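K.L.:
Protein sequence lines correspond, in order, to chains A and B.
No gaps in the numbering here: position 325 of the first sequence is 325 in full-length UniProt numbering, and each next residue is one more.
No gaps in the numbering here: position 213 of the second sequence is 213 in full-length UniProt numbering, and each next residue is one more.
Backbone N, C-alpha and C fix where the C-beta goes; we use that ideal spot for every residue, glycine too.
Bear in mind that the values here come from a model prediction, so they are computed numbers and not experimental data.
Following this message is one structure expressed as structure tokens.
Number of protein chains: 2
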Amino acid sequence: MKFSSKILKCELSPIRKFAPYAAAARARGIAIYPLNIGQPDIATPNEYFDAVKNFSTPVLGYAPSDGVPEYLDAVHGYYEKLGQPVDRGGVLATEGGSEALSIALECILDEGDELLVPEPFYTNYATFAALTGAEIRPIPTTPEEGFRYAERERIEPLINERTRAILITNPGNPTGSVLTRAEMRVIADIAVERGLFVISDEVYREFTYGGEAMASMLEFEHAHDNVVVIDSVSKRFSACGARVGALISRNSGLMKQALKICQARLCAATLDQVGAAALYSVGPEYFAAVREEYQRRRDTAYAGLMRIPGVVCRRPEGAFYLMAKLPIDNTDTFQQWMLEEFSDRGETVMLTPGEGFYATPGKGVNEARIAYVLEQDRLERAMELLALGIEAYNKR
Amino acid sequence: MKFSSKILKCELSPIRKFAPYAAAARARGIAIYPLNIGQPDIATPNEYFDAVKNFSTPVLGYAPSDGVPEYLDAVHGYYEKLGQPVDRGGVLATEGGSEALSIALECILDEGDELLVPEPFYTNYATFAALTGAEIRPIPTTPEEGFRYAERERIEPLINERTRAILITNPGNPTGSVLTRAEMRVIADIAVERGLFVISDEVYREFTYGGEAMASMLEFEHAHDNVVVIDSVSKRFSACGARVGALISRNSGLMKQALKICQARLCAATLDQVGAAALYSVGPEYFAAVREEYQRRRDTAYAGLMRIPGVVCRRPEGAFYLMAKLPIDNTDTFQQWMLEEFSDRGETVMLTPGEGFYATPGKGVNEARIAYVLEQDRLERAMELLALGIEAYNKR
Chain A
1 MKFSSKILKC
11 ELSPIRKFAP
21 YAAAARARGI
31 AIYPLNIGQP
41 DIATPNEYFD
51 AVKNFSTPVL
61 GYAPSDGVPE
71 YLDAVHGYYE
81 KLGQPVDRGG
91 VLATEGGSEA
101 LSIALECILD
111 EGDELLVPEP
121 FYTNYATFAA
131 LTGAEIRPIP
141 TTPEEGFRYA
151 ERERIEPLIN
161 ERTRAILITN
171 PGNPTGSVLT
181 RAEMRVIADI
191 AVERGLFVIS
201 DEVYREFTYG
211 GEAMASMLEF
221 EHAHDNVVVI
231 DSVSKRFSAC
241 GARVGALISR
251 NSGLMKQALK
261 ICQARLCAAT
271 LDQVGAAALY
281 SVGPEYFAAV
291 REEYQRRRDT
301 AYAGLMRIPG
311 VVCRRPEGAF
321 YLMAKLPIDN
331 TDTFQQWMLE
341 EFSDRGETVM
351 LTPGEGFYAT
361 PGKGVNEARI
371 AYVLEQDRLE
381 RAMELLALGI
391 EAYNKR
Chain B
1 MKFSSKILKC
11 ELSPIRKFAP
21 YAAAARARGI
31 AIYPLNIGQP
41 DIATPNEYFD
51 AVKNFSTPVL
61 GYAPSDGVPE
71 YLDAVHGYYE
81 KLGQPVDRGG
91 VLATEGGSEA
101 LSIALECILD
111 EGDELLVPEP
121 FYTNYATFAA
131 LTGAEIRPIP
141 TTPEEGFRYA
151 ERERIEPLIN
161 ERTRAILITN
171 PGNPTGSVLT
181 RAEMRVIADI
191 AVERGLFVIS
201 DEVYREFTYG
211 GEAMASMLEF
221 EHAHDNVVVI
231 DSVSKRFSAC
241 GARVGALISR
251 NSGLMKQALK
261 ICQARLCAAT
271 LDQVGAAALY
281 SVGPEYFAAV
291 REEYQRRRDT
301 AYAGLMRIPG
311 VVCRRPEGAF
321 YLMAKLPIDN
331 TDTFQQWMLE
341 EFSDRGETVM
351 LTPGEGFYAT
361 PGKGVNEARI
371 AYVLEQDRLE
381 RAMELLALGI
391 EAYNKR
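Here it is, written out as structure tokens:
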């Protein structure tokens with residue numbers, strides 16, 4: 001029996017590729033500093049657990065397919081505060097940002113269609129796109145330019161009659177780069193002129209370190225029919241395991257199509273939506289504190305990288321990732337060596353090789369994503385280990 | 001901007017079509033007996049809520065993509081007790097049976113492929129199939145034959161070079177019919193001979209009223225590579241809102257493909273998996289009590305139907321549904337009339353018109369699905385209202 005050509009085009013997560021080598025290293029007594037995972041270590045606000053504990057019902061029934069009212073109210077309230085109110089029906093509760101994205105792609109993409117995505121990009125986009133039968137056409141960027149891509153001359157030549165949408169992550173994963181309002185307008189204008197959807201994954205919106213609040217693609221009125229926003233409580237409230245997200249658009253036609261899928265899968269988990277609704281009641285001081293913490297770590301990780309001769313990296317403005325070009329031949333080989341051969345005082349470090357974030361073969365081979373989700377002092381040591389590792393690796 | 005041809009082939013849930021008419025009726029003070037929804041009214045075991053309340057962690061992190069260990073252990077344990085142990089890796093935790101099914105179809109079906117499904121079938125299968133680009137080829141059944149379909153002469157002529165799988169629901173939704181072991185063997189044999197997958201949706205397994213435990217498609221050793229089982233805690237433990245299910249197969253190649261999708265969507269909700277694991281600790285007395293309750297209702301609903309002249313229905317052996325041919329011209333028209341024109345002592349009844357369960361145009365127009373998820377006395381009254389309604393409708 002054969003499998004679908006779509007699933008055969010997909011790959012197992014490259015982020016998990018080194019797990020067995022890490023396990024072996026730990027078995028040898030080596031302590032590993034994980035800079036490879038995007039799992040925040042910030043505590044989940046008690047509001048989530050309290051709401052879940054206080055929820056009581058004799059029968060845990062299906063939630064409405066479009067979402068639990070309290071959760072929808074909370075998301076609508078959040079966007080009102082953001083200055084971007086969305087009409088009822090413009091928000092659908094989803095099983096994390098992941099489901100919101102896959103629903104959006106299913107509604108838009110046919111076999112053979114093309115989806116523009118700046119590379120490097122979040123690796124799982126490749127799977128969600130492949131399952132629709134569409135192709136990802138990467139918008140090229142470079143570490144030297146800080147992975148910026150929002151330029152007409154870079155994007156327009158890639159658009160053809162099969163192009164349906166531009167998928168962006170802003171703030172960026174893995175790059176950490178944040179689009180300026182002017183750059184966002186370029187994307188919005190191109191989308192309107194060429195009749196494309198802009199799918200804007202803004203799950204890291206609250207994590208920007210430039211001082212001012214980040215703009216949302218929802219802000220461009222002329223592009224209201226083009227813009228689809230992917231949102232989630234996972235990173236915003238450090239609640240990845242809740243699997244509660246949202247699909248947001250002012251294109252009522254698109255939302256009507258999306259509702260078909262939401263009804264077919266019945267609903268997102270009832271209890272988690274109740275907890276997620278409560279998360280939105282935390283005050284601005286929560287975001288301020290978390291932002292400050294991540295900004296300190298960003299500065300620490302960036303300073304640590306800059307101390308390594310030959311590293312190419314522009315200081316990122318958002319999310320909790322850095323993408324850097326390292327002074328080594330191949331990050332895959334380097335990571336394996338770091339786990340099998342290297343250790344300093346019984347410690348080593350893990351990062352994510354860059355190649356997996358690119359659709360273009362051969363790109364990113366000497367790049368790496370660093371997730372700065374460790375406390376200050378451990379992060380300092382992790383960056384020191386990376387520096388020592390690179391030096392030893394190149395001398396071997 | 002256009003939408004994908006796949007999503008345009010999908011429809012909004014026909015089960016929800018009459019919601020606005022029902023709301024209007026309620027606004028006029030009419031009480032409605034709902035026989036239209038598959039939402040059990042049996043209490044969710046406290047084990048779920050206790051486990052959730054006792055769960056404590058500073059950071060609600062991602063669960064493993066294949067599932068929370070306690071939940072996987074619970075499902076493995078359940079299948080061992082069933083006499084069908086499955087190796088590690090043969091069970092993947094999913095967001096309800098819905099996600100398990102859509103993952104299975106994504107792994108198997110390409111654009112233009114064909115999926116055999118006995119009709120009438122669970123309406124959402126159509127959406128999940130359409131999103132893969134494949135076509136459903138219905139296996140015809142009739143109310144007169146009790147919707148039985150597991151016969152070579154009925155199935156084999158429908159198989160061609162594009163046929164990839166047979167999707168069955170056993171016990172059946174909407175029919176309530178349960179395959180005999182001999183019938184299941186026919187399906188297994190055909191699948192093995194023709195190199196097809198058998199996707200067996202067995203979420204109603206515990207609800208059979210023939211006395212003996214239902215067989216699972218997992219029992220046929222020669223078909224181990226062909227069989228994929230869809231499972232869920234939703235109906236089994238009256239926990240539909242937990243959205244926790246499982247994809248189960250001994251075909252390790254298929255499970256490896258499925259894991260790609262599980263990794264891409266990161267994980268199913270952590271807390272709900274913890275609760276679901278606890279649900280599996282309830283004893284056999286729980287199932288016995290629930291089974292007895294549903295059997296009483298099945299008998300009540302069936303007896304009520306049999307009192308209506310001209311109704312065609314074989315007594316169903318499982319799940320909590322009846323599918324019947326009614327002595328009326330069109331169930332859609334009838335349902336709307338029941339909500340807009342009819343009432344007896346300020347009460348009326350809702351059922352689900354049959355047409356939506358068929359892929360073949362025009363089939364099921366005078367059929368209806370009745371979900372017997374009401375307590376005994378209310379169910380009695382609901383069936384009485386149905387009888388009175390049919391009589392008045394045909395006299396109008």
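1) I'd like to know if the stretch 207-219 of chain A and the stretch 22-42 of chain B are in contact, where contact means that at least 3 CB-CB pairs between them fall below 8 Å.
2) Taking residue 48 of chain A as the query, report the chain B residues whose CB atoms sit under 8 Å from its CB, ordered along the chain.
3) Around the Cβ of residue 110 of chain A, are there at least 16 other Cβ atoms within 10 angstroms (buried) or fewer (exposed)?
4) Is there a Cβ from chain A that is less than 8 Å from the Cβ of residue 287 of chain B?
5) Could you say which of A:208, A:108, A:204 and A:123 lies nearest to residue 166 of chain A if we only look at CA atoms?
6) Excluding the 5 residues preceding and the 5 following residue 281 of chain B in the sequence, name in chain order all residues of the same chain whose CB lies nearer than 7 Å to its CB.
7) Using 7 Å as the cut-off, classify the Cβ of residue 155 of chain B as near or not near the heavy atoms of the ligand MG, replying yes or no.
8) Can you list, in chain order, the residues of its chain with a C-beta nearer than 7 Å to that of residue 92 of chain A? Leave out the 5 residues immediately preceding and following it.
9) Enumerate in chain order the residues of its own chain whose CB-to-CB distance from residue 295 of chain B is below 7 Å, with the five nearest sequence positions on each side excluded.
10) So with CB distances below 7 Å, who are the chain B contacts of residue 403 of chain A?
11) Hey, is residue 277 of chain B's beta-carbon within less than 8 Å of any beta-carbon in chain A?
12) Taking the runs of the alpha helix (DSSP H) that are 4 residues or longer, which of them lie wholly in the stretch 122-159 of chain A?
13) At least one CB of chain B closer than 8 Å to the CB of residue 82 of chain A: is that the case?
14) Could you check which residue in B:144, B:89 and B:6 has the C-alpha nearest to that of residue 112 of chain A?
15) Less than 8 Å separating the beta-carbons of residue 252 of chain A and residue 43 of chain A?
16) In chain B, what lies closer than 7 Å to residue 115 of chain A by C-beta?
17) Chain A partners of residue 257 of chain B, CB-CB under 7 Å?
18) Nearest by alpha-carbon distance to residue 316 of chain B: which of B:4, B:147 and B:131 is it?
19) Among A:318, A:265 and A:387, which one has its Cα closest to the Cα of residue 350 of chain A?
20) With DSSP as the reference, identify every bridge partner of residue 114 of chain B, one or two as the case may be.
21) Is the stretch 353-366 of chain A touching the stretch 324-336 of chain A, taking contact as three or more C-beta pairs under 8 Å?
22) Can you have a look at residue 325 of chain B and say buried or exposed, based on whether 16 or more other CB atoms are within 10 angstroms of its CB?
23) Quick check on residue 334 of chain A: does DSSP put it in helix, strand or coil?
24) For residue 319 of chain B, does the three-state DSSP call read helix, strand or coil?
25) Residue 101 of chain B and residue 189 of chain B - do their beta-carbons sit closer together than 8 Å?
26) Report yes if the C-beta distance between residue 357 of chain B and residue 69 of chain B is below 8 Å; otherwise report no.
27) Whose C-beta lies closer than 7 Å to the C-beta of residue 158 of chain A among residues of the same chain, with five residues either side of it excluded?
28) Mapping DSSP to helix, strand and coil, what is residue 289 of chain B?
29) Excluding five sequence neighbours on each side, which residues of the same chain lie with their C-beta closer than 8 Å to the C-beta of residue 177 of chain A?
30) Taking the beta carbon of residue 382 of chain B as the centre, do at least 16 other beta carbons fall within 10 Å, making it buried, or is it exposed?
31) Tell me whether the beta-carbon of residue 169 of chain B lies closer than 8 Å to the beta-carbon of residue 196 of chain B.
32) Taking the C-alpha atoms as reference points, what is the distance between residue 55 of chain B and residue 274 of chain B?
33) What does residue 13 of chain B reach in chain A if we use C-beta pairs closer than 7 Å?
34) For the stretch 239-311 of chain B, which segments carrying the alpha helix (DSSP H) assignment without a break, of at least 4 residues, lie completely within its bounds, in sequence order?
35) In chain order, which continuous runs of the alpha helix (DSSP H) of length 4 or greater are located wholly inside the stretch 165-245 of chain A?
36) Under 7 Å between beta-carbons, which chain A residues line up against residue 52 of chain B? List them in chain order, please.
P.N.:
Let me spell this out:
1) With a cut-off of 8 Å, the stretch 22-42 of chain B and the stretch 207-219 of chain A do not count as touching, because too few Cβ pairs lie within range.
2) Chain B residues near residue 48 of chain A: 60.
3) Classification of residue 110 of chain A: buried, given that the 10 Å Cβ count is 16 or more.
4) Residue 287 of chain B does not count as touching chain A.
5) With distances taken between Cα atoms, residue 166 of chain A lies closest to A:108.
6) Cβ contact annotation for residue 281 of chain B (same chain, cutoff 7 Å, sequence separation greater than five): 47, in chain order.
7) The ligand MG is not part of the structure shown, which contains no ligands of any sort.
8) These residues qualify, in order along the chain: 66, 67, 246, 247, 255, 258, 259 and 262.
9) In its chain, beyond the 5 residues on either side, 209 have a beta carbon closer than 7 Å to the beta carbon of residue 295 of chain B.
10) Outside the shown range of chain A, which is 1 to 396, sits residue 403 of chain A, and nothing can be said about it.
11) Answer no: the Cβ-Cβ gap between residue 277 of chain B and chain A never drops below 8 Å.
12) Whole alpha helix (DSSP H) segments, 4+ residues: 124-130 and 152-155.
13) Under the Cβ distance rule, residue 82 of chain A does not count among the residues neighbouring chain B, no pair being separated by less than 8 Å.
14) Ranked by how close their Cα comes to the Cα of residue 112 of chain A, the residues B:144, B:89 and B:6 have B:6 in first place.
15) Contact flag unset, no.
16) Listed along chain B is no residue with a C-beta nearer than 7 Å to that of residue 115 of chain A; the closest approach is about 12 Å.
17) Simply 3 and 7.
18) For residue 316 of chain B, the closest alpha carbon among the candidates B:4, B:147 and B:131 is that of B:147.
19) The shortest C-alpha separation from residue 350 of chain A is found at A:387.
20) Note: residue 114 of chain B is bridge-paired with B:135 and B:163 in the DSSP secondary-structure output.
21) With the cut-off at 8 Å, the stretch 353-366 of chain A and the stretch 324-336 of chain A touch.
22) Residue environment analysis places residue 325 of chain B among the buried positions, since at least 16 neighbouring C-beta atoms fall within 10 angstroms of its C-beta.
23) Three-state result, residue 334 of chain A: helix.
24) DSSP places residue 319 of chain B in coil when its eight states are reduced to three.
25) Cβ atoms of residue 189 of chain B and residue 101 of chain B: not closer than 8 Å.
26) It is not a contact, given that the beta carbons lie outside the stated cut-off.
27) For residue 158 of chain A, where only same-chain residues beyond five positions count, the Cβ hits under 7 Å are 116, 137 and 139.
28) Under the three-state reduction of DSSP output, residue 289 of chain B falls in the helix class.
29) If we look at residue 177 of chain A and ignore the five residues flanking it on each side, its Cβ neighbours are 146, 147, 148, 171, 314, 316, 317 and 318.
30) By the neighbour-count rule (16 or more Cβ atoms within 10 Å), residue 382 of chain B is buried.
31) Not in contact: residue 169 of chain B and residue 196 of chain B (Cβ atoms no closer than 8 Å).
32) Their Cα atoms are separated by approximately 8 Å.
33) Within chain A, the residues placing a beta-carbon under 7 Å from that of residue 13 of chain B are 263, ordered along the chain.
34) For secondary structure counted as the alpha helix (DSSP H) over 4 or more consecutive residues, the stretch 239-311 of chain B holds these complete runs in sequence order: 252-264, 270-279 and 284-306.
35) Qualifying alpha helix (DSSP H) stretches, in chain order: 181-194 and 233-236.
36) Listed by position along chain A, the residues whose Cβ is nearer than 7 Å to that of residue 52 of chain B are 52 and 271.
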